[in-house]
């Protein structure tokens, strides 16, 4: 079976979610978490695969996430027929009752951080079971000192916890561009450690003022990312559950939305990616 | 036991990155090739996103203030963003902080009261989601049963569980039917928050319903001290139209 494919839901793309190329959606928890909402956030369409994308689990924090947040994630997931929950490899706070940054900072690649993050992910998985949990590699503006490279940290984390990898291809591209490493080697190195994979795709822009590629989710997917996506599909053949495209601003017209997601599916079919049996779609 | 080294490192980084102009202290933790300037980009970006979210959350309250964004900036500088563990939204935290930061006019206090009541409704709906959704479903079909309410003694009147009382000091946000200061009932209906400013008699009847619901019209009429059966029926129809009662 091929991976399930679709968009991260935004109000601006709801009207194209009936496209034949789409059989999956990702819902951001913080957007879906409207207590006055009565209907399902995903609406009436019966998708083959739904995932909930969280922002506040902060797995590299000193303590595990608050139980009421995990309960809220689970409730939204169950209400919308989700198969999985994902969040980001980083920290947004020090402790549950401490200070919140609002966005994820990269984890220092040390063995102490690996121990703490692994423990928190073990806890998250036990609390969210039977939902699958995926950890996403983030795009970062700076790196922290440590004893191993990001790829090694991620490999060890995936091996120790057995959690899925939400491979954000654009984030790999952004970091590789900004910190001068080979994105193809990165994906090839980490992929064997992941038991199951989701993929994120998005488009950003190069900011000449700061000399960095910014993962802004504001532009069409660039050619370099399409190429890296093909590579990710080949590396992950047989274990990719779903592929999601993210767009947060500068939205396309209807044709733009539909053409982009159809391209995602077409490439997946060209690479003949098979998802694990029981997931995704024919 | 979490490594002391990691505890210290993370706490230090959080201190360096949670407020403006502290990024230089993160320098000792940065890998080669990363600079405090990049940390500043990260911090500034987070603070800007926080400011934008607060503006969106408090758009209604901002109408009552000249230059509300100055308060937003002051709040962000004064109070770090609370974690999800606090279960208090940033907008609510700012509304609690505002009276400590400036003298408020009665109208401004009313705007804040109104917004905070909305937050309370959202919390009630969140904590009692099953009851909230169930009532909204019944409320959506109330027209099917309302015509029979006066004749069918099997029909039970249910009060909207997602409600809270608040008090306005001025007439700024009232529709002129009830003079200030007045008690105002906030309640969830049709995916939004509505208000009802009832006269004293209406408040008394509503308090009766709080005590006796769910109940039939006959049961209510038998214990009511404020109205007869026909008056209660008319009152129910008004409440149903507002989304305050459903029939089941």
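Protein chains in written order, with my numbering: chain A, 1 to 282; chain B, 1001 to 1248.
For every residue, glycine included, the Cβ atom is placed at its ideal position computed from N, Cα and C.
DSSP state of residue 163/A mapped onto helix, strand, coil
DSSP places residue 163/A in the coil class of the three-state scheme, outside both helix and strand.
Going by DSSP, what residue range makes up the beta strand (DSSP E) through residue 1188/B?
1182–1189
Based on Cα-Cα distance, which residue from 1013/B, 1120/B, 1038/B lies nearest to residue 1187/B?
Ranking the options by Cα distance to residue 1187/B, first place goes to 1120/B.
Over the uninterrupted alpha helix (DSSP H) stretch that includes residue 138/A, give me the two end residues.
Per DSSP, residue 138/A belongs to no alpha helix (DSSP H) and is neither H nor E.
Can you give me the C-alpha to C-alpha distance between residue 262/A and residue 1211/B, rounded to a whole angstrom?
Just so you know, the alpha carbons of residue 262/A and residue 1211/B end up roughly 58 Å apart.
Quick one: list the residues of chain A neighbouring residue 1163/B, beta-carbon separation under 8 Å, in chain order.
Contact note: residue 1163/B does not reach chain A at a C-beta cutoff of 8 Å; the least C-beta distance is about 13 Å.
Same chain, Cβ closer than 7 Å to residue 271/A, neighbours up to 5 away in sequence not counted:
230, 233, 234
Return the chain-ordered list of same chain residues with a C-beta closer than 6 Å to the C-beta of residue 1075/B, the five sequence neighbours on each side being excluded.
Excluding sequence positions up to five before and after residue 1075/B, its CB lies within less than 6 Å of the CB of 1094, 1097, all in the same chain and listed in chain order.
Going by beta-carbon coordinates alone, are residue 1184/B and residue 1166/B separated by less than 8 Å?
yes
Suppose you measure from the CA of residue 226/A to the CA of residue 59/A; what does that come to, to the nearest Å?
29 Å
Determine the chain B residues that contact residue 45/A at a beta-carbon separation under 9 Å, and present them in chain order.
Ordered by position in chain B, no residue passes the 9 Å Cβ test against residue 45/A, which lies about 20 Å from the chain.
Cβ shell of residue 134/A (< 7 Å), same chain only, five flanking positions each side left out:
84, 86, 163, 164, 165, 166, 198, listed in sequence order.
What residues in its chain sit with their C-beta under 8 Å from that of residue 282/A, if we drop five residues either side in the sequence?
Model confidence at residue 282/A stands at a pLDDT of 43, short of 50, so the residue's coordinates are unreliable; what they give is reported in the following sentence. The answer, listed in chain order, is 1, 2.
Against chain B, which members of the stretch 104–123 of chain A pass a CB distance test of less than 9 Å?
Taking 9 Å as the Cβ-Cβ cut-off against chain B, the residues of the stretch 104–123 of chain A that qualify are 105, 108, 109, 110, 111, 112, 113, 115, 116, 119.
Considering only the beta carbon of each residue, do residue 214/A and residue 207/A sit closer than 8 Å?
yes
Between the alpha carbons of residue 1033/B and residue 1113/B, how many angstroms are there, rounded?
For residue 1033/B and residue 1113/B, the distance between alpha carbons rounds to 50 Å.
Determine, using beta carbons only, whether residue 1243/B comes closer than 8 Å to chain A.
With 8 Å as the cut-off, residue 1243/B does not count as an interface residue toward chain A.
Could you tell me the distance, in whole angstroms, from the CA atom of residue 1137/B to the CA atom of residue 1175/B?
28 Å
Mind checking whether residue 1038/B and residue 141/A have CB atoms under 8 Å apart?
yes
Within chain A, partners of residue 1046/B - CB distance below 8 Å
101, 102, 103
Short Cβ contact (8 Å threshold) for residue 1084/B with residue 56/A
yes
For the stretch 1134–1154 of chain B, list every residue whose C-beta sits within 8 Å of some C-beta in chain A, in sequence order.
1136, 1137
Look at the alpha carbon of residue 1082/B and the alpha carbon of residue 137/A, and state the distance between them as a whole number of angstroms.
25 Å
With a cut-off of 8 Å, does the C-beta of residue 93/A fall near any C-beta of chain B?
yes
Mind checking if residue 209/A is an interface residue toward chain B, Cβ cutoff 8 Å exclusive?
no
Short of 8 Å Cβ to Cβ, which residues in the stretch 141–156 of chain A face chain B?
141, 142, 143, 144, 145, 146
May I ask you to list, following chain order, the residues of the stretch 1013–1033 of chain B that have a beta carbon less than 7 Å from some beta carbon of chain E?
Absence of chain E from the displayed structure is noted, the protein chains being A and B.
Reduced DSSP category for residue 104/A - H, G, I as helix; E, B as strand; rest coil
strand
Quick check on this structure: which residue in 1143/B, 1067/B, 1135/B has the alpha carbon closest to the alpha carbon of residue 1214/B?
1135/B
Are the Cβ atoms of residue 81/A and residue 105/A separated by less than 8 Å?
no
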